[in-house]
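Notes for the one structure printed next.
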Amino acid sequence: MQPWTSSKDNIMPPRSVPASYENTTITAFGSSGRGVTGGYNGISQGWEITISALCALAAYNAAEIIILTFVTFKRYRGAYFLSLLVAALGVILNALGYFIKYMGFAKSDAQKYGGLAIVVIGWSAMVTGHSLVLWSRLGLFDGNSTASKLLLRAIIINGIVLHPTTTVFVFGANMAKGDIQEKFVRGYVIMEKIQLTIFFLQELVLLGDYVYQALRMLRYSSKKETRRLLTQLFAMSIIIILLDCIVISFEYANFYLLQVATKAVVYSIKLKLEFAVLSRLVEFISRPRQVSGTLDLSKAIASHSISVENQPNTPQRALKLADPSIYIQE
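Its first residue numbered 1, the sequence shown is counted upward by one per residue in UniProt numbering.
Next up, the structure:
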């Protein structure tokens, strides 16, 4: 069976998996089975420009995050700093690898496999790195809780299971021949949807726990500035979920090239939102004010942990808060 091609980029390809994937090429709307083994072969120069622009935008955003991270943090250690750095580097590698693969720069097998290695390394660092960014942000509330430890274990287990498994299918689909290649491709089509869904649910749980903790803090203060800040953080979490939904919808609609081209951009935007969250928290911390009858959250954060036993309108237990400002340049 010959690889599917179309004279128009706006025609959906058949969703069946071809018997042979050798030299397979895809157009803008192609399934993940074709996309993992081929490159872009549409006639639209506009799509080529779009793909290139998306990869460039993702790399630019990630490079900006890296620069801001080194400029902003005064201590180059800690889970938040390291996870931001790893995720941003992953975005750059992922975007670069896909650009090399789909724009036809990989001519020999060695270049092709090298490009695939860049893709999977970047993808692993980008996806799990971002989950660790979300997890480390939970430390602002209580990083030593049982829930936080369980979430970290889930991130590690999912990374260990999903990243190597998907990588095996990626290289198998590109290195094997004949019927064996077809099996690897079919496996990749299934695995791609599984890992996208699991990582989405993982981020959803992390964001849900963060929103819960933020709302829990919100109950302890009637301060308008505090409520406005936490409302903004909640809105950013919703935006992150919507961005993930865009990537998943492209995959399930078999728009593979759009999915991989937008994924790196989406993760770069999510990282910029995370950095904005940190900036707002630092701004909040730098202007401590005491509000009568309520808990002063800025002083609470700056003091690392507080006891709220004698505070009005607060539960009879301690609310532990980390201090993100220790990493910020004064």
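Where a beta carbon is used, it is the ideal one built from N, C-alpha and C, also for glycine.
Here the region 182-189 lies against the region 156-173, with 3 or more beta-carbon pairs under 8 Å apart. Beta-bridge analysis with DSSP links residue 99 to no other residue. Shown here for residue 195: same chain residues with a beta carbon closer than 7 Å to its own, the five before and five after excluded, namely 162 and 166 in chain order. Closest in C-alpha terms to residue 280, from the list 231, 265 and 245, comes 231.
In the DSSP assignment, no residue is bridged to residue 250.
Closest in C-alpha terms to residue 229, from the list 242, 106, 208 and 278, comes 278.
Under the three-state reduction of DSSP output, residue 73 falls in the strand class.
Residue 58 places its beta carbon less than 8 Å from that of residue 95. Here DSSP, grouped into helix, strand and coil, assigns residue 145 to coil. Collapsing the DSSP output to three states places residue 272 in a helix. Taking 8 Å as the cut-off, the Cβ atoms of residue 207 and residue 246 do not count as close. With contact defined as three or more Cβ pairs closer than 8 Å, the region 200-215 and the region 249-263 are not in contact. Put simply, of 225, 271, 67 and 251 the residue whose alpha carbon is nearest the alpha carbon of residue 191 is 251.
In the structure shown, residue 106 falls within a coil segment according to DSSP collapsed to helix, strand and coil. By the neighbour-count criterion, in which 16 or more other beta carbons inside 10 Å mark a residue as buried, residue 70 falls on the exposed side. C-alpha of residue 60 to C-alpha of residue 91: approximately 10 Å in a straight line. Residue environment: residue 212 is assigned as exposed (fewer than 16 neighbouring CB atoms within 10 Å of its CB, all protein chains considered).
For residue 116, the three-state secondary structure derived from DSSP is helix.
Between the alpha carbons of residue 87 and residue 51 lies a distance of about 21 Å. In this structure, the alpha-carbon of residue 182 lies about 30 Å from that of residue 54. In the three-state reduction of the DSSP assignment, residue 78 falls in the coil class.
Contact check between the region 267-277 and the region 120-137: three or more CB pairs, one atom from each, fall below 8 Å, which counts as touching.
Straight-line measurement puts the Cα of residue 236 at about 32 Å from the Cα of residue 102.
Residue environment: residue 197 is assigned as exposed (fewer than 16 neighbouring CB atoms within 10 Å of its CB, all protein chains considered).
With a threshold of 16 other beta carbon atoms within 10 Å, residue 147 falls short and is exposed.
Going by C-alpha positions, residue 89 is about 7 Å away from residue 122. For residue 173 and residue 112, the gap between their C-alpha atoms comes out near 12 Å. Residue state for residue 223 is assigned as coil, using DSSP reduced to three classes.
When rounded, the separation of the alpha-carbon atoms in residue 151 and residue 265 is 25 Å. Rounded to the nearest whole angstrom, the CA to CA distance from residue 160 to residue 85 is 20 Å.
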